[in-house]
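Engineer:
2 protein chains.
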Amino acid sequence: MEHTKKKQGRQTFRFTQPVRVLSSACFGGAMEQQGPLGRYLDGYDETGKFDGENWEESESHLQRQTIEKAVEKAGLTIKDVENLFCGDLLRQMTASSFGVKSLGIPVFGVYGACSTMGESLLLASVLLEAELAEHVVAATSSHYATAEKEFRFPLSYGNQRPPCATWTVTGSGAVVLKRDKEQKPGVYVTAATPGKIMDYGITDKANMGACMAPAAVDTISTHLKDLDRKPEYYDKIVTGDLGNVGSDILLDLLKAEGYDITKQHMDCGMTIYDQKFQDVHSGGSGCGCAAVTLAGYLLQNMREGKWKKILFVPTGALLSTVSSNEGDTVPGIAHAVALEWKE
Amino acid sequence: MEHTKKKQGRQTFRFTQPVRVLSSACFGGAMEQQGPLGRYLDGYDETGKFDGENWEESESHLQRQTIEKAVEKAGLTIKDVENLFCGDLLRQMTASSFGVKSLGIPVFGVYGACSTMGESLLLASVLLEAELAEHVVAATSSHYATAEKEFRFPLSYGNQRPPCATWTVTGSGAVVLKRDKEQKPGVYVTAATPGKIMDYGITDKANMGACMAPAAVDTISTHLKDLDRKPEYYDKIVTGDLGNVGSDILLDLLKAEGYDITKQHMDCGMTIYDQKFQDVHSGGSGCGCAAVTLAGYLLQNMREGKWKKILFVPTGALLSTVSSNEGDTVPGIAHAVALEWKE
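For the record, the sequence lines run as chains A and B.
Under our numbering, the first sequence has 93 at position 82, and the numbering climbs by one with no breaks.
Under our numbering, the second sequence has 73 at position 62, and the numbering climbs by one with no breaks.
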């Protein structure tokens, strides 16, 4: 099969256009503000309500205000944004639809469970690579209260969670991308590896780290192989929400593939909360987990020169309550996006 | 704001790469086989079960076999397909995830409710325009039994439907796109207009045609304005599943915008079933409605020379049972894709 030069190996894209991160923004709730990354938030609502009349509306408001803030930080207005890629965890993606409908931007709804920030960032970059837009926004959100209702039990049941369970982040992250022909210094999306769905047959939906780890292994190892890179190429290889349990599996399985990423690896789910003082069991999760960590902590540290090259690999568990109740496994997916500082 | 030449007007993409429809396939259930488009199906299962143990698995099998058939008809193998864009109506998109996971193709999950075939086709074309792939598949599915369970009542309740309600198509359509540098004669994706979310405040989820019509109006009029085209440019302007009620609204509102598309307009929902002899009330609906009509009837008639130019505009209603139960409106979205025969 013939390939263009932009396509590397089996499944990696190499962007030839200057896809620059113009700005990013993130908001969270009380838990996220109290956590170690709290100071990277553009704002928070300690009630988690964001002026919504119900939790779904709260998440919609959260996502919209995050997008608006990112656009404002880019020095743009909403009218300058040509396309929006967004998605969330709720059935039929209503947090996003109701959140962004008033913005009047052509919308592409995307779904990759908690890997959604990777998918939206990747596809937004593809649109710029195709030279079909100049300014595009990639965003996603999750909310603890909507996710518990969607996937588990109403909050008032107060159900117990096993130690391998994760805590859904109340948060949203948005990134404004620009095809920057002037190539100003900044963070650029340079490559990306869209993920395949991996299913190792795990059915325990309370152990999503284990369900998603094989997908992260496949995407990271494919990315490194396709670009003939060693883990050391990156200052950080950042998974989304594998948590303690999933991260251990990731490191073990990647070693078996010949890649030791122990030194580079960081998991957003293990970083966003204080694992000593915040009772989140295996870590944070949800689309917002990787999105908030990227839009706040990761990009800020890149701007400050701490890290030059990051491989961002959010992971998603492709289940629903219906699939789980019918006894199905929990397949996973992970999309990798390479971010590099360029002078 | 600066625009590349590929971007026309406010929001229309013009593809400069040869994005050719290499093949298409569609499968349906008994209702679809008995309907006027039955002879365009590649196959059907009159039980609707497609060897599934439950309806969700049935839809997954249906979507996978449609993709496999389309790839086979293209003279390719699954390994030749570099990327897959797919989605469906079920919560967390499980019909697609479980359907395609065994194919081993990097997957982009997309959600635009019943406009999903438009979104998947549009984004697959963008990927080819970016020269990041040579062969991409766009697909979607819906299933009467899973959709009734997801959005309405269990089938065994036998609930009554109002005359403006539509019947969810059991069906899947898949299209294989190729960046055809040889530019062989065939159907090409030449332009596309991604849609904005439109909300006219309608809350009647049994009248989805009315909810979606404003989005179709906005996308079609924007497309024609952006490209400075009259409706006569197209042999057919094809909406997805507006049905009888929504189609009347579409024609009226477009006339108010200065566009009379009465002669060109066709609605997949009004075409896929026999409105005299099949009791579907306002017509067919679901992601599969536009997808089956495109992959079967529309593309076959283009191949046979009956139509040279089609504007395909599937429409989606962005609701969930939760948003409806909370009293929310039903916003709509429509994505337009221009298909043209080239010698």
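The C-beta atom is built at its ideal place from N, Cα and C for all residues, glycine as well.
Just so it is clear, the structure is predicted and the values come from calculations on it, not from any experiment.
Grab the span of the alpha helix (DSSP H) containing Q28 (chain B) for me, first residue to last.
Structural biologist: No alpha helix (DSSP H) holds Q28 (chain B); the beta strand (DSSP E) holding it covers T23 to G39.
Engineer: Looking only at its own chain, which residues have a Cβ that is under 6 Å from the Cβ of E354 (chain B), when we skip the five neighbours before and after it?
Structural biologist: Answer for E354 (chain B): P196, listed in chain order.
Engineer: At the level of alpha carbons, what is the spacing between G307 (chain B) and L52 (chain B)?
Structural biologist: Rounded to whole angstroms, G307 (chain B) to L52 (chain B) spans 6 Å at the Cα level.
Engineer: Express the C-alpha separation of A156 (chain A) and F164 (chain A) in angstroms, rounding to a whole number.
Structural biologist: When rounded, the distance between both Cα atoms is 10 Å.
Engineer: By DSSP, does E78 (chain B) sit in helix, in strand, or in coil?
Structural biologist: Looking at the sequence provided, one finds Ile at residue 78 (chain B) rather than Glu. Helix, per DSSP.
Engineer: Measuring CA to CA, which of B:Y122, B:L330, B:G295 and B:K18 is closest to T181 (chain B)?
Structural biologist: Measuring from the Cα of T181 (chain B), the nearest candidate turns out to be B:G295.
Engineer: Where does the unbroken alpha helix (DSSP H) through A106 (chain B) begin, and where does it stop?
Structural biologist: Per DSSP, A106 (chain B) belongs to the alpha helix (DSSP H) from T105 to V111.
Engineer: Does DSSP put Y51 (chain B) in a helix, a strand or coil?
Structural biologist: Note: Y51 (chain B) maps to helix in three-state DSSP.
Engineer: In chain B, which residues lie less than 8 Å from T326 (chain A) when you measure between Cβ atoms?
Structural biologist: The premise fails here: T326 (chain A) is roughly 14 Å from chain B at the closest Cβ pair, so nothing lies under 8 Å.
Engineer: Leaving out five residues before and five after S35 (chain B) in sequence, what residues of the same chain have Cβ atoms less than 8 Å from its Cβ?
Structural biologist: Closer than 8 Å at the Cβ level, and outside the excluded window around S35 (chain B), lie A81, K84, G184, A185, V186, V187, L305, A306, G307 and L310.
Engineer: Just reading off the beta strand (DSSP E) that R240 (chain A) is part of, what are its end residues?
Structural biologist: R240 (chain A) -> no beta strand (DSSP E), and no H or E assigned at all.
Engineer: Can you tell which of A:F96, A:E337 and A:G40 has the C-alpha that lies nearest to the C-alpha of S69 (chain A)?
Structural biologist: Checking every option, the nearest Cα to that of S69 (chain A) belongs to A:G40.
Engineer: Distance, Cα to Cα, Q171 (chain B) vs Q76 (chain A)?
Structural biologist: Cα to Cα, Q171 (chain B) sits roughly 41 Å from Q76 (chain A).
Engineer: Compare the C-alpha of A356 (chain A) against each of A:P342, A:Q44 and A:K317 and name the closest.
Structural biologist: In the structure displayed, chain A extends from 12 to 354; residue 356 (chain A) sits before or after that span and is not available.
Engineer: DSSP on H346 (chain A), reduced to helix/strand/coil?
Structural biologist: Correct three-state label for H346 (chain A): coil.
Engineer: Using the beta-carbon of each residue, which ones in chain A are nearer than 7 Å to D210 (chain B)?
Structural biologist: Going along chain A in sequence order, the residues near D210 (chain B) (Cβ under 7 Å) are K112.
Engineer: Could you name each continuous alpha helix (DSSP H) segment of 4 residues or more that falls completely within the region 189-250 of chain A, going from the start of the chain to the end?
Structural biologist: Taking only runs of at least 4 residues, the alpha helix (DSSP H) segments lying wholly in the region 189-250 of chain A are 219-237.
Engineer: Please classify R190 (chain B) as buried or exposed, where buried requires at least 16 other C-beta atoms within 10 Å of its C-beta.
Structural biologist: Result: buried.
Engineer: For K17 (chain A), return the contacting residues in chain B, with the cut-off set at a CB-CB distance below 8 Å.
Structural biologist: A141, E142 and L143, listed in chain order.
Engineer: Mind checking who G63 (chain B) pairs with in its DSSP beta bridge?
Structural biologist: DSSP, once it has assigned bridges, lists no residue as partnering G63 (chain B).
Engineer: Give me the chain A residues within the contact set of K207 (chain B), using Cβ-Cβ distance strictly less than 7 Å, ordered along the chain.
Structural biologist: Result: G115, I116, P117 and V118.
Engineer: Taking only beta carbons into account, state which residues of the region 142-170 of chain B come closer than 7 Å to chain A, listed in chain order.
Structural biologist: Against chain A - using a Cβ distance shorter than 7 Å - the residues of the region 142-170 of chain B are E142, L143, A144 and E145.
Engineer: Quick check on L329 (chain A) - is its C-beta less than 7 Å from some C-beta in chain B?
Structural biologist: So, interface residue.
Engineer: Going along the chain, which residues of its own chain have a beta-carbon closer than 8 Å to the beta-carbon of M12 (chain B), five neighbours each way excluded?
Structural biologist: With a pLDDT of only 44 at M12 (chain B), under the threshold of 50, the placement of this residue in the model should not be trusted, and no figure is reported.
Engineer: Within 8 Å, do at least three Cβ pairs link the region 117-127 of chain B to the region 209-228 of chain A?
Structural biologist: Counting Cβ pairs under 8 Å, fewer than three are found: no touch.
Engineer: Below 8 Å on the Cβ atoms is my contact criterion, and I expect S232 (chain A) with Y270 (chain A) to pass it. Report the Cβ-Cβ distance as a whole number of Å.
Structural biologist: So it is a contact: roughly 6 Å between Cβ atoms.
Engineer: Can you confirm whether F61 (chain A), when its beta carbon is compared against all beta carbons of chain B, has any partner nearer than 7 Å?
Structural biologist: So, not an interface residue.
Engineer: Suppose you measure from the CA of K112 (chain A) to the CA of D339 (chain A); what does that come to, to the nearest Å?
Structural biologist: Approximately 34 Å, taken between the alpha carbons.
Engineer: DSSP puts F119 (chain B) in a beta bridge; with which residues?
Structural biologist: F119 (chain B) pairs with B:F96.
Engineer: Closer than 7 Å, CB to CB, is F24 (chain B) near chain A or not?
Structural biologist: It does: the Cβ of F24 (chain B) has a partner Cβ on chain A nearer than 7 Å.
Engineer: Who are the near neighbours of R25 (chain B) in its chain, counting only those whose CB is closer than 8 Å to its CB and skipping five residues on each side?
Structural biologist: Correct list, in chain order: K16, K17, K18, Q19, T201, A202 and L238.
Engineer: Around the Cβ of R31 (chain A), are there at least 16 other Cβ atoms within 10 angstroms (buried) or fewer (exposed)?
Structural biologist: It counts as buried.
Engineer: Quick one, are the C-beta atoms of G254 (chain B) and C125 (chain B) less than 7 Å apart?
Structural biologist: No, the Cβ-Cβ distance between G254 (chain B) and C125 (chain B) is not below 7 Å.
Engineer: From the DSSP secondary-structure annotation, give me the bridge partner or partners of E351 (chain B).
Structural biologist: For E351 (chain B), which the question treats as bridged, DSSP gives the partners B:Y199 and B:K320.
Engineer: Show which residues of chain E have a CB atom less than 7 Å away from the CB atom of S108 (chain A).
Structural biologist: Of the protein chains in the structure, A and B, none is chain E.
Engineer: On a Cα-Cα basis, can you pick out the residue from B:H234, B:P205 and B:I260 that is closest to M219 (chain B)?
Structural biologist: Among B:H234, B:P205 and B:I260, the Cα nearest to that of M219 (chain B) is on B:I260.
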